[in-house]
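Residue numbers (our numbering): 3 to 281.
We treat Cβ as the ideally placed atom computed from N, Cα and C, and that holds for glycine.
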């Protein structure tokens, strides 16, 4: 990526799982999972709670070793990539757990530059950090103690750290969690821009409509296995989603974009008509 604007240089770096299996505490979390994210695309990884999405992302990032199968980063077995190089190849946004350390926001974002220490790219650290803060609308928080932030502010600061890392592979685990409507759209817009600039971007999402609106491809995971993979239109069908999520849905097309819109089928009478509430 360029020093200031954040546009990616030409790259073919991507990440892939081939037949990956993971067992934790006697439970099969992933079972023969094949999953790829290629340069220039945004992939949404969706599925019910406990489907194995975060585990798949961890294996894809090279942070979790698979019990079987192979994780490839930039075409190489992730287990053979040294830690320093791994930090320059892929940036990872984990689910927010809160923070217990007291640092200014600017220093937290600067942690994304650590893999580039003592390299020519470190000359641009200040400009890159400022750009990441600006793109995530957190520049006004730069001098705040990170422990004083709201959940939504912390999520955006964490994303700024990922942007500052300037990696060709970007892995985001529930990046819209704790965000309001406008910031959810902002985050997915940034993810799509990274993909258009040449990055390989994977986002674990619970909001199926965000996945439909922004993803180039959708991978649906259930019980540790890939159930479906393809465009949002191919994957997000009413029958398939009702089966996987064990809840009836309707799928219609957005009147402007034409993207699928997933609507839960709710029982009659769950909402009283306007004007019927006393008091």
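query = Nearest-angstrom Cα distance between residue 325 and residue 28?
reply = Outside the modelled stretch of the chain, which goes from 3 to 281, sits residue 325, for which no answer is possible.
ask   = Are there 16 or more other CB atoms within 10 angstroms of the CB of residue 109, so buried, or fewer, so exposed?
value = Reading the chain shown from its first residue, position 107 is the one you call residue 109. Classification for residue 109: exposed.
request  = Using three-state DSSP, classify residue 339 as helix, strand or coil.
outcome  = The shown model of the chain, from 3 to 281, leaves out residue 339, and the question about it has no answer.
task = Return yes when the Cβ of residue 239 is within less than 8 Å of the Cβ of residue 228, no when it is not.
result = Walking along the chain shown from the start, residue 228 turns up at place 226. Walking along the chain shown from the start, residue 239 turns up at place 237. Not in contact: residue 228 and residue 239 (Cβ atoms no closer than 8 Å).
message = For residue 232, which residues in the same chain have their Cβ closer than 8 Å to its Cβ, ignoring the five residues on either side in sequence?
response = In the chain shown, the residue the question calls residue 232 occupies position 230. 219 and 220, listed in sequence order.
query = According to DSSP, what are the bridge partners of residue 254?
reply = Here residue 254 corresponds to residue number 252 of the chain shown, with the count starting at 1. According to DSSP, residue 254 bridges with 263.
query = Exposed or buried, which one is residue 131 when buried takes at least 16 other CB atoms within 10 Å?
reply = As a first step, residue 131 is located in the chain shown; it is residue number 129 there, counting from the start. Answer is buried; the Cβ neighbour count reaches 16.
task = Check residue 7 in the structure and name its three-state DSSP category.
result = Translated into positions along the chain shown, residue 7 becomes position 5. Because residue 7 carries a pLDDT of 45, less than 50, the predicted location of this residue cannot be relied on, and the following value inherits that uncertainty. Coil, per DSSP.
query = What whole-angstrom Cβ distance do residue 107 and residue 148 have, given they're in contact under 8 Å?
reply = Residue mapping note: residue 107 aligns to position 105 of the chain shown, counting from 1. Residue mapping note: residue 148 aligns to position 146 of the chain shown, counting from 1. Indeed, because the Cβ distance is near 6 Å, the residues count as touching under 8 Å.
key: Element boundaries [alpha helix (DSSP H), containing residue 57]   = Along the chain shown, one-based indexing puts residue 57 at 55. Residues 55 to 62.
message = With a threshold of 7 Å on Cβ separation, who are the neighbours of residue 211 within its own chain once the five nearest residues in sequence on each side are excluded?
response = Residue mapping note: residue 211 aligns to position 209 of the chain shown, counting from 1. Answer for residue 211: 263 and 264, listed in chain order.
request  = Grab me the residues of residue 215's own chain with a C-beta within less than 6 Å of its C-beta, minus the 5 sequence neighbours each way, in chain order.
outcome  = Against the chain shown, residue 215 aligns to sequence position 213. Here the set comprises 261.
Opening and closing residue of the alpha helix (DSSP H) in which residue 173 lies = Here residue 173 refers to the residue found at position 171 of the chain shown. It is not in any alpha helix (DSSP H) - residue 173 instead sits in the beta strand (DSSP E) that spans 171 to 175.
ask   = For residue 205, does the three-state DSSP call read helix, strand or coil?
value = Working through the chain shown from its first residue, we reach residue 205 at position 203. Residue 205: strand per DSSP, three-state reduction.
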